[in-house]
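Heads up: the structure comes next, in structure tokens.
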Amino acid sequence: MAQLHFRYAAMNSGKSTMVLQYRHTYAACGRNGLLMTRLDRAGEGIVSSRIGISADAIEFGAATDLGHVVLAHPGARVDHVILDEAQFLSADQVDQLAWLVDDHDIDVFTFGLLSDFRGEQFPGSARLVVLADVVEALQVYPMCWCGQPARMNARVTGGVMVRDGDTVVVGNTDTAGDSDTDAEVSYVVLCRRHHRAGRPYAPAPVVTLVA
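Residue 173 in numbering that gives the first Met the number 0 sits at position 174 of the sequence shown; the count goes up by one each step and never skips.
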């Protein structure tokens, strides 16, 4: 029987790399699937990994009917869907994925963030936790600047961690703390302690001048 899967972790944990590995493995087995994403860092209609691999994908939007996209796809019958950036799904879109699993026997594998920069669940992730047959945390943890495993995502603007604003704001995860990009939105991963404390970066070292 088909199943709905949700695998989650903080940023920089290798989710997109795993998405691309799933795509390769299932294609090698002769299965016919669709790769889908939204708002990938590399642009529209692509799944990209920070290790340098990528693949073309179907870009879904906030109003996309995922059931229609899958069932109306030309060619051979789609038997599985692999979806990255699942946190950007709406609750209704998660229900559409569950419908594909239950009524059309199509496996669905989703990957994404569990919580946003405020430490609150994305609506799509919350719905997936309720409906998915398999809910798993990826066992690859990025590190906070303090060396502890990072489970929280933080938004930084002008070098300062912020807790208010729109849930979906695309930013950089590679230049946080760069003086040339301090005015831009960026993201860092933090342990719970430093997310609660609002400390996105390690303190500057104290320099003692010797006379």
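C-beta atoms are modelled at their ideal positions from N, C-alpha and C, and glycine is treated no differently.
{"Query": "By alpha-carbon positions, which one of V128, E183 and T156 ends up nearest to A90?", "Result": "V128"}
{"Query": "Span of the alpha helix (DSSP H) holding Y7?", "Result": "First-last for Y7: L3 to Y7, but that is the beta strand (DSSP E), not the alpha helix (DSSP H)."}
{"Query": "Let me check understanding here. Comparing Cα to Cα, which of F59, L65, T63 and D39 lies closest to S53?", "Result": "D39"}
{"Query": "Please report the distance separating the alpha-carbon of D163 from that of A153.", "Result": "11 Å"}
{"Query": "Only counting the same chain, and skipping five residues up and downstream in sequence, which positions put a Cβ closer than 8 Å to that of G123?", "Result": "A85, Q86, F87, L88, S89, A90, Q92, V93 and G111"}
{"Query": "Assess contact between the region 0-12 and the region 55-63, defined as three or more Cβ pairs (one per stretch) separated by less than 8 Å. Is contact present?", "Result": "no"}
{"Query": "With a threshold of 16 other CB atoms inside 10 Å of the CB of G32, please say whether the residue is buried or exposed.", "Result": "buried"}
{"Query": "DSSP on A175, reduced to helix/strand/coil?", "Result": "Here the model assigns A175 a pLDDT of 44, short of 50, so the residue's position is not dependable and the matter cannot be decided."}
{"Query": "According to the Cβ coordinates, are V80 and I45 closer than 8 Å?", "Result": "no"}
{"Query": "Is the Cβ-Cβ distance between D132 and Q2 less than 8 Å?", "Result": "yes"}
{"Query": "Quick check: T16 and I50, are their CB atoms within less than 8 Å of each other?", "Result": "yes"}
{"Query": "What do you get for A26, buried or exposed, if any count of 16 or more other CB atoms within 10 angstroms of its CB means buried?", "Result": "exposed"}
{"Query": "Applying the criterion that 16 or more other CB atoms from any shown protein chain within 10 Å of the CB defines a buried residue, is Q138 buried or exposed?", "Result": "exposed"}
{"Query": "When DSSP builds the beta bridges, which residues end up paired with Y186?", "Result": "R154"}
{"Query": "Return the residue from the list L99, V188 and T156 that minimises the CA-CA distance to A149.", "Result": "V188"}
{"Query": "Go to A136, then tell me how far its alpha helix (DSSP H) extends in each direction, as first and last residue.", "Result": "Taken as a continuous stretch (DSSP letters only), A136 belongs to no alpha helix (DSSP H), being part of the beta strand (DSSP E) at V133 to A136."}
{"Query": "Go to D102, then tell me how far its beta strand (DSSP E) extends in each direction, as first and last residue.", "Result": "Here D102 belongs to no beta strand (DSSP E); instead the alpha helix (DSSP H) covers A90 to H103."}
{"Query": "How would you label P204, buried or exposed, when you count the other beta carbons within 10 angstroms and need 16 or more for buried?", "Result": "exposed"}
{"Query": "Taking T109 as the reference, which of D102, R117 and Q95 has the closest Cα?", "Result": "Q95"}
{"Query": "Give the single residue among F59, A201, R22 and G74 whose Cα lies nearest to the Cα of T36.", "Result": "F59"}
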